[in-house]
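Chemist: As you go down the protein sequences, you meet chains L and D in turn.
Last residue of the first sequence: number 687 in the numbering used here, and the count goes up by one each step with no gaps.
Last residue of the second sequence: number 694 in the numbering used here, and the count goes up by one each step with no gaps.
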Amino acid sequence: MRVIIIGAGQVGESIASDLDRSHEVVIVERDADRVEDLTYSLDVLAVQGDGTSLSVLREAGIDEADMLIATTDNDETNIVACATAKAISDAFTVARVKNTEHLRTWQQSGDAFGIDFMVCTNLLAAEAIVRIIGLPAARDVDPFAEGRVQMAEFEVSPDSPVADQTVREADRFDSLTFAAILRNGEVVIPRGESVISAGDRVVVIGSPESVQAFSDALVPAESPGSPEEVVIVGGSEVGYHVARLLEERGLRPRLIEYDSERARRLAEKLPGTIVMESDATNAEFLEREHVGDADVVVSALDSDEKNLLVSLLATRLGAGRTVAIIDTPTYVELFEAVGVDVGLNPREVVAEEITRFTHEGGAENVALIESDKAEVLEIEVDRDSILVGQPISEVMTELPDGVVIGAITRHDEFVTPRGDTVIEPGDHVVVFVDIEVLDDVTPRL
Amino acid sequence: MHLRVDYRASLSLVGTVLKYLVVPLALPVAVALYYGESVVPFLVTMLVTAAVGTWLERLDPEPDLRAREGFLMVGVTWLAVALVGTIPYLVEAHGIPFLLGPLSPASTLANPVNALFESMSGFSTTGSTVLGDISFETHGRAIMMWRQLTQWLGGMGIVVLAVAILPQLSAGGAQLMDAEAPGPSIEKLTPRIAQTARLLWAAYLGFTVLEILLLYGLHRGGMAPQMDFYNAVAHGLTTMPTGGFSPEARSIEAFSAAAQWVVIPFMVVAGTNFALIWHALADDPRTFLEDTEFHTYLGIVAVLTAILAGLLFSGNGFVAPDAVTAGQTYDAAYVVDAAADHVGDAEPSIRAALFQVLAIVTTTGYASLDFNAWSAPAKYLLLFAMFIGGSAGSTGGGIKIVRWYVILKSLRRELFTTAHPEAVRPVRLGDRALDERAVRGIYAFTLLYFVIFAVATILLGLDAVRVGLDVTVLELVSASATTIGNVGPGFGFLGPMGGFVEFSNASKLLMVVLMWIGRLEILPVLVLLTPEYWKR
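#1: Can you tell me which of the three DSSP states residue 465 (chain D) falls into?
#2: Where residue 676 (chain L) and residue 427 (chain L) are concerned, what is the direct C-alpha to C-alpha distance, given to the nearest angstrom?
#3: Which runs of the beta strand (DSSP E) at least 3 residues long sit entirely within the region 283-327 of chain L? Give them in chain order.
#4: Does residue 583 (chain D) come within less than 8 Å of chain L when only Cβ atoms are used?
#5: Note down, in chain order, all residues in the region 413-439 of chain L with a beta-carbon under 9 Å from any beta-carbon belonging to chain D.
#6: Once you ignore the five residues that flank residue 329 (chain L) on each side, which residues in its own chain have a CB closer than 8 Å to its CB?
#7: Go through the region 493-539 of chain D residue by residue and report every complete run of the beta strand (DSSP E) that reaches 3 residues or more, in order.
#8: For residue 502 (chain L), does the count of other Cβ atoms within 10 angstroms reach 16, so buried, or fall short, so exposed?
#9: Just the Cα atoms here: how many angstroms apart are residue 197 (chain D) and residue 353 (chain D)?
#10: Going along the chain, which unbroken runs of the beta strand (DSSP E) with 3 or more residues stay wholly within the region 572-625 of chain D?
#11: Report the three-state DSSP secondary structure of residue 415 (chain L) (helix, strand or coil).
#12: Distance, Cα to Cα, residue 611 (chain D) vs residue 424 (chain D)?
#13: For the candidate residues L:496, L:274, L:246, whose alpha-carbon lies nearest to that of residue 333 (chain L)?
#14: Please identify, using Cβ separations under 8 Å, the residues of the region 588-609 of chain D that lie next to chain L, in order along the chain.
#15: Could you give the DSSP three-state label for residue 397 (chain L): helix, strand or coil?
#16: Would residue 339 (chain L) and residue 616 (chain L) be called neighbours here (beta carbons separated by less than 8 Å)?
#17: Does any residue of chain L bring its CB to less than 8 Å from the CB of residue 586 (chain D)?
#18: Please go through the same chain and pick out, in chain order, the residues whose beta-carbon is closer than 8 Å to the beta-carbon of residue 662 (chain L), but skip the five residues on each side of it.
#19: Taking only three categories from DSSP, how would you classify residue 651 (chain D)?
#20: Which residues does DSSP pair with residue 350 (chain D) in a beta bridge?
#21: Could you say which of L:416, L:417, L:435, L:455 lies nearest to residue 423 (chain L) if we only look at CA atoms?
#22: At a Cβ threshold of 8 Å, is residue 578 (chain D) touching chain L?
#23: Using a Cβ cut-off of 9 Å, which residues of the region 526-551 of chain L contact any Cβ in chain D, in chain order?
#24: DSSP has residue 541 (chain L) in a bridge; who is on the other side?
#25: Please identify the residue among D:233, D:542, D:169 whose C-alpha is closest to the C-alpha of residue 215 (chain D).
#26: Alpha carbons only, please: which of D:243, D:277, D:337 is nearest the one belonging to residue 232 (chain D)?
#27: How would you label residue 693 (chain D), buried or exposed, when you count the other beta carbons within 10 angstroms and need 16 or more for buried?
#28: Which of helix, strand or coil does DSSP assign to residue 491 (chain L)?
#29: Give every residue of the same chain whose Cβ lies closer than 7 Å to the Cβ of residue 557 (chain L), excluding the five residues on either side of it in the sequence, and list them in chain order.
#30: Any Cβ of chain D within less than 8 Å of the Cβ of residue 566 (chain L)?
#31: Rounded to a whole number of angstroms, what is the C-alpha to C-alpha distance between residue 371 (chain L) and residue 484 (chain L)?
#32: Using 8 Å as the threshold, is the C-beta distance between residue 248 (chain L) and residue 293 (chain L) below it?
#33: Taking Cβ-Cβ distances below 9 Å as the criterion, which residues of the region 339-357 of chain L are in contact with chain D?
#34: In the DSSP assignment, find the unbroken alpha helix (DSSP H) run with residue 335 (chain D) in it and report its ends.
#35: Taking any Cβ of chain D, which residues in the region 508-519 of chain L have a Cβ under 9 Å from it, in chain order?
#36: Jot down the residue ranges of each uninterrupted alpha helix (DSSP H) in the region 249-282 of chain L, minimum 4 residues, whole runs only, in chain order.
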């Protein structure tokens, strides 16, 4: 498949590096230096020019392109690039936007601006945060099969009940599959006798209820269940959407914003949120407002450093968990090492969302584990799939290590995969696949 | 460039409005002709109105109306129509030398101040009366019809009507309607203000006609013997403007329970925002479900009705029988009868409570019984209700429910921000966050309202002492509350079956001013009194 990516920013580059192994990728970028860089760092064709220009698009081979992904930092540029591409070709167009108004317009009409798929950075990031907030101890949560299946990644702390248990012992939950253990950056496919140690991260796939139950079990008894008190620091677009989504779940979050005009606007738009106008790094204020009592503190300020500072302050005051927006991808790991419980890069979330459209083999939905260590795929299986017609225990012998069948939905019903389960054509299967065997396995599924 | 207020332009437009007042005068003329009464009072009025109107209109042949001129025009229009409205009363009481003797020599309206009071009470839809004797023997049916018609014209607003009809008002129409329309701001239903005004008047006319038909239908069906066609029209003309001038001395009490039940929903409608009614009828009935003010309105009416119905049903709503003899202003026999009708009987208790709560909250001012016979808690409940008022954009007077709602919400915010000084909390009306300026304006209005009410109460009291009028505090308080709120009846001798005639001329003139500024919601009138308004 020939894919044209407009804009070689973080998102563009991340998507390009995901795709360059299996697709013909062309990147259009205005900055000549970036073009030069990409030509050497990735196996892609980098074209210098404006992605909204007809001649540049022709030069990039729009006529033969199957897909165009417009992912610059400018909404209007992305929209115009898609509209232009649609006007002269049949390419499937994907646009990334920040402004949710554009997303709403597009959702209303289905194909406004000639865009086939639109992703909204801020909204996706907010949704990811809200999912993480919903599960204590979760580091990452992704929905599959229209929300009937959830994949979640948890960190196991030393005082967690499952620490030092074998997978067989820990597997007390209905409709929950242990897909992987991530240990020191390595993916371990769990067997019954594998031991879960403190410091490990476990990836589980199952029904939302069972994932919630597992999440509750992981956390020591004093803070069970989903959080009540959420404090959002920073009224950025992401902060706003987090508050809005939490309101929709019936919570009354608190949001702290420094700029008085912005605070007023947010207070107008968020009836269920208590908006405070203050400097969130003011420790006295944080203490007075009992930010330390919060179950979760989300920092969504416009600078990574401030988000780190706020997270550390909140942790020191006693906040349950801290989630920080981190714009610089390389900081994510560092910040998590020094005290941020979950660091989230919005562009990574978007790249992930866009990548799922480009997958071959009918994957409906994709989640990336640890950026690129493994993928969780949702597949609607047909007659040709290796999965169909025999019990899972037999299928597994034909597939390499590094593949775990996590969940099955049949006619919108959740089916727990066990050794004797037989998958039928039309089923939706959520599979965990180690990156090592991904290219080998996906075409056969 | 006009740096000063262009009073010529304003007065010219007042003239135009006056000229058109000739048209509605045709109704009392028709009534007079039908009942064989004299048409002279109305012909004289038509003549004077047309002459004065034409003369004023010639002050400025091409009036250019801007915001400042708008205030003047609105304020003066209401004064002018009130003055013109006195002519039929005065002619009726005095006749015309060499041409016509007095038609009703015993009329209290022979006093020009009384005539002005009655006229202003009509146009401002207050419904307080100085008629000594409300009967067709003293006052002809045509004169009474004029009295009721003034309320109907004043209800939706003479200026709104003018905007609807006069093309020269279309440019400044929004300001004009803003100055006149009850409530914090007007809502444009259509891009063109004249069309909005026409829609409002059409809805108003439609409901009036519907009520007349229902009331008369009840009469033809034998369920309301007293409600003949004249009475049906009279009550249709005075319910929708939340006026309350009934041609019956005993107000609605003179009519059957069925007739009272028909009037109740129309009072509800009259106290509702007409823009909301229009949206609900034209677009989506669910608009009602989403409107915060409408919810609050129904909630207030329901709670007050429940309390009052409970009081009446249990007998605690009436004056104690032994107090009846203590030389009070109420009729002892009446109290005994009224209590016998209501205590332990659900339907009359609920009907009386609902009717009276609606009549006061919407400022209609009808009475389905003489609430002077009620006990102190029940009376104070009504006094409290006088300050609530109808919805914004309704024909009701008072402070208005939406203002109370905003004030209570913002007080709650104050409590919250005391504990959390950094909290930013806009005051919300439904989904809409209000601008802080709007909240401030509402505070200013309400404070002014109470200041004027308090000062007026004191002045009325001083004047009562001066002339040796024997009044109670409740009577004094209710007099200023009922006139500035355009409610109508007060307590004691001002009660629903009484009147304001015993006050001195000075007090009555003060109340005329109260009714005037009450109808125009204070600020448009007060601004005329500030030097800044008149300076360049």
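A virtual CB, placed ideally from N, CA and C, is assigned to each residue, including glycine.
Modeler: If we stick to the structure as given:
#1: helix
#2: 12 Å
#3: 287-290, 309-312
#4: yes
#5: none
#6: 356
#7: none
#8: exposed
#9: 35 Å
#10: none
#11: coil
#12: 29 Å
#13: L:246
#14: 589, 591
#15: strand
#16: no
#17: yes
#18: 633, 634, 635
#19: helix
#20: Bridge partners of residue 350 (chain D): none, in fact.
#21: L:435
#22: yes
#23: 527, 530, 531
#24: L:475, L:566
#25: D:169
#26: D:337
#27: exposed
#28: coil
#29: 564, 581
#30: no
#31: 7 Å
#32: yes
#33: none
#34: 331-338
#35: 508, 509, 510, 511, 513, 516, 517, 518, 519
#36: 252-261
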